[in-house]
Ligand code: DX5
Ligand code: ZN
C-alpha cells in the first residue's frame, strides 16, 4: 500500500497500484484530509486578531490554543478570555489544549469561550478524573481529546480510546514552543493508527511539537492526520506556503 500526496490539495491517497491522484469525495474511505492547526502560542500577541485572520486566510483548518497554568507545565500562557477573543475573530474550529491541573474545573469556561474541541492530559500530575472530564466535555457538546507527554506510555491512553475524538501525541515535552521533534514518538502514532484501523474508529490522530515540513511528512506516514504547528507557521514569511508545505504540497 502506497501513500501519495495529491499535488494540489490537502488530501492524500492510499492505493495498491500507482494511482492518478484521483481526489474525489467518492473515495472518502481511502482519502483522508490532513488538518493543519496553527498554535497561536507562536503568534505575535500584540496583533493577535490580525494573526488569526491571516492564518485562516492562509488555509488553516483549526486554531490550536495552548493553555498553560504554571503548575502542570513550567510556563503560563493565557486563559478563557483570550480564547473568547480568538472565537470572535474566526469561524474556524477552536482546538483547546489544556496543559493544566484540575482541567475538569475549567472545562465549562473554555466551552463558554467557544472551544470546539478540548484536549486534556492523561498524566496523574494533571490531577483530575480523566474519564469524568472527557464525559463532561462530550456532554457539553464539545469534542473530547486526550494527550500524553513523551515520557507517558501508549498503554495509559488505551483504556480511553473508545471515548475520545482526538488523540494528541506530544512530540515535545509540553510547555514551550520551538523545541525539537522527537521521532521516537512515532511508535505511539503507529499504535494509534493500528487501533483506528482495527476498530474502524473516526479518531483524529494529532501530533504537537516541532512540526515542520519534514516532521509532518514522517508523522503522516505513521498515521497522523492532524498537524499542530506554531513556529513553522508563525515564524515563516509566507503562512500559506508554510501550511502547504506541512500538507506535503510543493
Ligand atoms: C507545546 C504546545 C505546542 C506548541 C507547538 O507545549 O503544546 O502546541 O505551541 O509549538 P512548535 O510548533 O513551535 O513546536
Ligand atoms: Zn498544544
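Residue numbers (the working numbering): 19 to 268. Backbone N, C-alpha and C fix where the C-beta goes; we use that ideal spot for every residue, glycine too. This one's a predicted model, so the numbers in the text were calculated from it and none came from an experiment.
Beta-bridge partners of residue i, as assigned by DSSP
| i | result |
| --- | --- |
| residue 189 | Answer is none; residue 189 lacks a bridge partner. |
| residue 238 | None, per the DSSP bridge assignment. |
| residue 222 | 184 |
| residue 247 | 56 |
Residue i beta carbon near the ligand DX5 (any heavy atom closer than 8 Å)
| i | result |
| --- | --- |
| residue 182 | no |
| residue 112 | no |
| residue 77 | no |
| residue 273 | Only positions 19 to 268 of the chain appear in this structure, which leaves residue 273 out of reach. |
| residue 149 | no |
| residue 228 | yes |
| residue 66 | no |
| residue 99 | no |
| residue 239 | no |
| residue 50 | no |
| residue 192 | yes |
| residue 203 | no |
| residue 91 | yes |
| residue 60 | yes |
| residue 88 | no |
| residue 196 | yes |
Coarse secondary structure for residue i, derived from DSSP in three states
| i | result |
| --- | --- |
| residue 199 | coil |
| residue 59 | helix |
| residue 169 | coil |
| residue 207 | helix |
| residue 51 | strand |
| residue 256 | coil |
| residue 216 | helix |
| residue 267 | coil |
| residue 261 | helix |
| residue 178 | helix |
| residue 37 | At residue 37 the pLDDT is 34, less than 50, meaning the model places this residue with poor confidence and gives no usable figure here. |
| residue 31 | Because residue 31 carries a pLDDT of 40, less than 50, the predicted location of this residue cannot be relied on, and the following value inherits that uncertainty. Residue state, collapsed to three classes: strand. |
| residue 44 | Because the pLDDT at residue 44 is just 42, under 50, the model does not fix this residue reliably, and the value given afterwards should be weighed accordingly. DSSP places residue 44 in helix when its eight states are reduced to three. |
query = Taking a cut-off of 6 Å, which residues have a beta-carbon closer than that to any heavy atom of the ligand ZN, in chain order?
reply = 57, 82, 84, 115, 226, 246
Completely contained beta strand (DSSP E) runs for the segment 62-101, where each covers 3 or more residues = 81-86
request  = Return the chain-ordered ranges of every alpha helix (DSSP H) run that is complete within the segment 88-164 and spans a minimum of 4 residues.
outcome  = 98-105, 121-130, 148-157
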